[in-house]
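In numbering that gives the first Met the number 0, the protein residues as written are 0 to 262. Let me begin by presenting the structure, written as structure tokens, before commenting on it.
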Amino acid sequence: MPELPEVETVVRGLAPRLTGCVIRQASFSSRLVVRDDFQALAARLAGRRIESVARRGKFIVLRLDRGALSIHLGMTGKLLLDGVRGAHTRAEFALDGGVLIYDDARQFGRIEYGEPEPKRLAGLGPDALHTGREEFIDALRRHAGRIKPLLLSQRVIAGLGNIYVDEALFAARIHPKARASRLSDRRLQALHEAVANVLRRAIAAGGSSISDYVDAEGRRGSFQNEHCVYGRADEPCPVCGGTIRRIELGQRGTHYCPRCQKI
DNA sequence: TCAAATGTTTGATC
DNA sequence: GGATCAAACATTTG
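Here it is in structure tokens:
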């Protein structure tokens with residue numbers, strides 16, 4: 000569910016409500032989501048003040064008066080302000096300004112604490128939304144692989160997932176199997192613009208809700224209505240009228256227009 | 001019953 | 001060191 004635009008939407012909803020709040024009590028119930036000792040982590044968090052709420056790639060980062068907490072939503076994670084606890088609630092944070100519920104059916108999400116920050120964040124590449132043209136091109140050019148798996152790798156560029164990679168490649172008219180090292184400057188510039196453009200539009204729409212993504216207040220996004228290729232196999236291409244195809248690439252469903260996107 | 005799902009990690013192999 | 005591929009995690013939905 001959550002790629003950069005969805006995580007950004009959640010962070011924008013949380014930041015004004017959480018900043019300055021104090022964590023009164025934390026509790027956890029999933030060994031998969033929380034790998035640390037529950038009691039020790041709860042003890043560490045109790046009494047901590049939330050200094051800021053930010054996004055890095057697909058991670059939500061709560062900077063505390065000591066250390067930082069990162070929350071990755073995985074595939075089905077939801078972070079709900081004053082939400083209702085349910086069968087898939089995996090963590091709860093009692094704050095002086097409300098309750099924050101972490102709900103995650105598949106438990107692919109992760110909650111980690113670190114000082115000064117969780118180790119996981121160190122391996123992230125430059126953020127897809129805040130990377131300049133030069134840095135973006137440079138990050139991709141260093142690799143010989145196919146462009147789609149590269150864009151999905153969070154070490155190369157952080158924040159993109161299956162939906163927005165397919166949409167950006169379509170907008171830039173680049174075939175998902177194209178080799179990054181062989182794309183011209185012009186085409187990589189077009190890709191950089193397409194990535195920024197699709198992400199900005201998706202954020203403006205509150206993200207994409209394909210199955211169950213909701214923001215911190217439980218609201219769905221609407222960008223799924225603007226998808227050109229993702230989830231539209233066998234439908235006509237909005238640009239050329241050809242048929243959108245779905246293939247498998249890097250173990251992920253991949254959608255593209257064979258007429259618009261040539262290698 | 002089977003396939004697919006907005007993600008990431010790990011290990012084998014070339 | 002890279003790149004590629006498969007499998008794994010666990011659950012829901014069509």
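Ideal placement from N, C-alpha and C gives every residue a C-beta, glycine not left out.
Notebook entry, point to check: In terms of residue numbering, what span does the alpha helix (DSSP H) encompassing T130 cover?
Noted result: That residue, T130, is in no alpha helix (DSSP H); it is neither H nor E in DSSP.
Next item on the list: Would you kindly check if the distance between the Cβ of I49 and the Cβ of V10 is under 7 Å?
Entry: no
Check: For Y255, which beta-bridge partners are listed by DSSP?
Finding: R244
Notebook entry, point to check: Under the rule that 16 or more other beta-carbon atoms within 10 Å means buried, what is G85, buried or exposed?
Noted result: exposed
Next item on the list: Identify, in the order they occur along the chain, each residue of the same chain with its Cβ nearer than 6 Å to the Cβ of L264, setting aside the five sequence neighbours on each side.
Entry: In the structure as shown, the chain starts at 0 and stops at 262, and residue 264 therefore has no counterpart that could be examined.
Item checked: Boundaries of the alpha helix (DSSP H) in which A203 is found, first to last residue -> 184–203
Check: Between E7 and the rest of its own chain, which residues show a CB-CB distance below 7 Å, the 5 nearest in sequence each way excluded?
Finding: R54, I202
Margin query: With distance defined between alpha-carbon atoms, name the residue in F222, L182, F135, G249 nearest to E166.
Written below: F222
Next item on the list: Give the DSSP-derived three-state secondary structure of Y163 in the structure shown.
Entry: helix
Checklist line | Rounded distance between the beta-carbons of E5 and G220, thought under 8 Å | finding: 7 Å
Checklist line | DSSP beta-bridge partners of Y112 | finding: L68
Checklist line | Within 7 Å, strictly: CB atoms of G19 and Q153 | finding: no
Check: Do the CB positions of V33 and I110 come within less than 7 Å of each other?
Finding: yes
Notebook entry, point to check: R48 by DSSP, collapsed to three states: which one?
Noted result: strand
Notebook entry, point to check: Apart from the five residues on each side of it in sequence, which residues of its chain come closer than 8 Å, Cβ to Cβ, to A115?
Noted result: Going by the sequence as given, residue 115 is Pro instead of Ala. Here the set comprises G66, A67.
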